[in-house]
Amino acid sequence: MSKNFIAVLYLIIFCFPASAHESIKLNDLIIDAIKNNNEIKELNYKYNAAKLRTPQEKSLDDPMLGFGFMDVPLNVAAFGTTSFTGVSLTLSQKIPYPEKLNLKGDMADINASMNQEILFEKINEIKRKVKITYYDLLFINKSIEITLKNKELLKEFTKISEIKYITGRGLQQDIIKSNVEVSKLSQNLIELNQKKLMSVFQINILLNRIPSSILPDPEEIKISSLKLSFKQMEKIALNKRPVLKQSDYSIDMSEHESHLAKLGYIPDFDFSLNYHAWTDRYDLVTGMVSINLPLWYKDKQDNKVRETQLNLIASKQNKKNTINDILLNIANIGSEINKDRELYDLLTGGIIPQTKELVKSVIIGYQSGKTDFLTLVDSQMSLFNYEIDAYKNLIEHEKAIAELEFQIGTELVKR
1 MSKNFIAVLY
11 LIIFCFPASA
21 HESIKLNDLI
31 IDAIKNNNEI
41 KELNYKYNAA
51 KLRTPQEKSL
61 DDPMLGFGFM
71 DVPLNVAAFG
81 TTSFTGVSLT
91 LSQKIPYPEK
101 LNLKGDMADI
111 NASMNQEILF
121 EKINEIKRKV
131 KITYYDLLFI
141 NKSIEITLKN
151 KELLKEFTKI
161 SEIKYITGRG
171 LQQDIIKSNV
181 EVSKLSQNLI
191 ELNQKKLMSV
201 FQINILLNRI
211 PSSILPDPEE
221 IKISSLKLSF
231 KQMEKIALNK
241 RPVLKQSDYS
251 IDMSEHESHL
261 AKLGYIPDFD
271 FSLNYHAWTD
281 RYDLVTGMVS
291 INLPLWYKDK
301 QDNKVRETQL
311 NLIASKQNKK
321 NTINDILLNI
331 ANIGSEINKD
341 RELYDLLTGG
351 IIPQTKELVK
361 SVIIGYQSGK
371 TDFLTLVDSQ
381 MSLFNYEIDA
391 YKNLIEHEKA
401 IAELEFQIGT
411 ELVKR
């Protein structure tokens, strides 16, 4: 085997250049998603609509204006000749117990705040989806790059095996073995390109773009380091996570509803003013104040109070359940992050460098006839798989951090 072949093999294995192309930063995609995502837009409209509810709830119902006539004879010619004929004008206004309006206004404010936290939670969710899809696309691109490198290398192996076979120093099965491995990698490339297309579609949909829009490839990343302990992250989550703030507002809402239900025993007022115009008497003005009587309080008010009390208990329990879920998720994700980091360090710091040295040794051995072709192919495919695994651990590590940031409600690393 010529030294030129060996030089080509070393060049492909250890110096294969990454393709130059335009790249896009993760932060740029996140900014576009927050600005353009349809789900975020929907919740933003709902939040702005909810803010307009407060002045409505604090306002009185529209007053009622009524017109009437009394003792009008059926004979039109006799209209105005009887002493009891008259018309009336009535103005009435319902006024609830004052504290009820204030409570309803406060509840509208709370509802608006709940909608705001729902919006913030959705923003964090979309950010998480963009990050994860971005990292998936990055892994696919890296897998394509590594696969192309190994495909080129196996093609060189095929040339070597063909030369050895022609010169009587090799076996035909070596050529077949090499061609089979090349075909497998070609199959992998087809599947990877299909996955890449779907990832691009997903990102474009999150950004409210046409799914088939061209998207530059993600830029290369390095493995991130977390500066906070998981105990510190738990404390941050309890203060920052929007869904927990939403739970607090839900409890506050239930407390207000319970208070309002207790005020249901207090009657509301109905004020009315009547002006009577008679045909042959002085015009008169009368006024009236009426109240509703909660006579059926056992069926209505009592059950309403009990209902709101149970809803309050449920709201508090819901927050406890949410906290437990968040803390459990943080623990599980933390375990995944540690595992991925350890595997990545093991592969990049030990296994891959050692395997590269092994491949060098096998190539030299194959050149001198001390190593068979199967060992050469297997050693290179092992290096290929280790490189894929290392990058997968890197990507899974970053995806886990993205999940952790969602659970906590804030960013943990700079991107």
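Residue numbering for the sequence shown follows my numbering, beginning at 1 and increasing consecutively.
We put the beta carbon where it would ideally sit given N, CA and C, even for glycine.
Residues near residue i in its chain [Cβ-Cβ closer than 8 Å; skip 5 each side]
| i | result |
| --- | --- |
| Met-1 | In this predicted model, Met-1 has a pLDDT of only 48, less than 50, meaning its place in the structure is not dependable; the value taken from the coordinates is given anyway. Closer than 8 Å at the Cβ level, and outside the excluded window around Met-1, lie Ile-160, Ile-163, Lys-164, Tyr-366 and Gln-367. |
| Ser-225 | Val-413 |
| Lys-151 | Val-182, Leu-185, Ser-186 and Leu-189 |
Residue i classed as buried or exposed, judged by whether at least 16 other C-beta atoms fall within 10 angstroms
| i | result |
| --- | --- |
| Phe-69 | exposed |
| Asn-111 | buried |
| Phe-67 | exposed |
| His-397 | buried |
| Pro-218 | buried |
| Gly-350 | exposed |
| Val-289 | exposed |
| Ser-250 | buried |
| Asn-321 | exposed |
| Gln-354 | exposed |
| Asn-390 | The residue asked about is misnamed: residue 390 is Ala in this sequence, not Asn. Counting Cβ neighbours within 10 Å, Ala-390 comes out buried, since at least 16 surround it. |
| Ser-315 | buried |
| Gly-168 | exposed |
| Tyr-282 | exposed |
| Ala-50 | buried |
| Glu-42 | exposed |
| Leu-197 | exposed |
| Gly-409 | buried |
| Arg-306 | exposed |
| Leu-215 | buried |
| Leu-60 | exposed |
| Asp-325 | exposed |
| Ser-450 | For the chain, the structure presents residues 1 to 415; residue 450 sits outside this window and is missing. |
| Leu-65 | exposed |
| Glu-257 | buried |
| Leu-374 | exposed |
Where residue i falls: helix, strand or coil (DSSP)
| i | result |
| --- | --- |
| Gly-86 | strand |
| Ser-224 | coil |
| Leu-284 | strand |
| Ser-258 | helix |
| Gly-68 | strand |
| Leu-273 | strand |
| Leu-91 | strand |
| Val-289 | strand |
| Met-1 | The predicted position of Met-1 is uncertain, since its pLDDT is 48 and thus under 50; no value can be drawn from it. |
| Ser-382 | helix |
| Ser-59 | coil |
| Ser-23 | strand |
| Pro-267 | coil |
| Asp-217 | strand |
CB-CB length for residue i against residue j, believed under 8 Å
| i | j | result |
| --- | --- | --- |
| Asn-292 | Val-285 | Asn-292 to Val-285, Cβ: 25 Å. No contact. |
| Val-377 | Ser-178 | 7 Å |
| Glu-181 | Phe-406 | Glu-181 to Phe-406, Cβ: 41 Å. No contact. |
| Leu-434 | Pro-55 | Nothing about residue 434 can be reported from this structure: the residues present for the chain run from 1 to 415 only. |
| Lys-466 | Leu-383 | Any question about residue 466 goes unanswered here, given that the chain covers just 1 to 415. |
| Val-362 | Thr-371 | 5 Å |
| Asn-208 | Asn-44 | At roughly 13 Å, the Cβ-Cβ gap does not stay under 8 Å, so Asn-208 and Asn-44 are not in contact. |
| Ile-323 | Leu-404 | Their Cβ separation, rounded to whole angstroms, is 16 Å, which puts Ile-323 and Leu-404 out of contact at 8 Å. |
| Ser-199 | Asp-136 | 5 Å |
| Phe-139 | Pro-242 | Rounded, the Cβ-Cβ distance is 29 Å, inconsistent with contact. |
Cβ shell of residue i (< 6 Å), same chain only, five flanking positions each side left out
| i | result |
| --- | --- |
| Thr-147 | Leu-185, Asn-188 and Leu-189 |
| Lys-319 | Ser-247 |
| Asn-311 | Ser-254 |
| Val-87 | Phe-69 and Ala-277 |
| Pro-294 | Tyr-265 and Gln-301 |
| Glu-57 | Lys-104, Gly-105 and Ala-108 |
| Gly-287 | Leu-273 |
| Thr-348 | Ala-390 |
| Ile-132 | Lys-399 and Ala-402 |
Cutoff 7 Å; reference residue i; Cβ partners in own chain excluding five residues on either side
| i | result |
| --- | --- |
| Arg-415 | Leu-26 and Asn-27 |
| Gln-116 | Tyr-47 |
| Ile-388 | Ser-143 and Ile-146 |
| Tyr-97 | Leu-263, Ile-266 and Asp-268 |
Original post:
Fully enclosed by the stretch 318-371, which alpha helix (DSSP H) runs are 4 residues long or longer?
Top reply: Within the stretch 318-371, the complete alpha helix (DSSP H) runs of at least 4 residues are 352-368.
**OP:** At 4 residues or longer, and completely inside the stretch 116-177: list those alpha helix (DSSP H) runs for me, N to C.
**Re:** none
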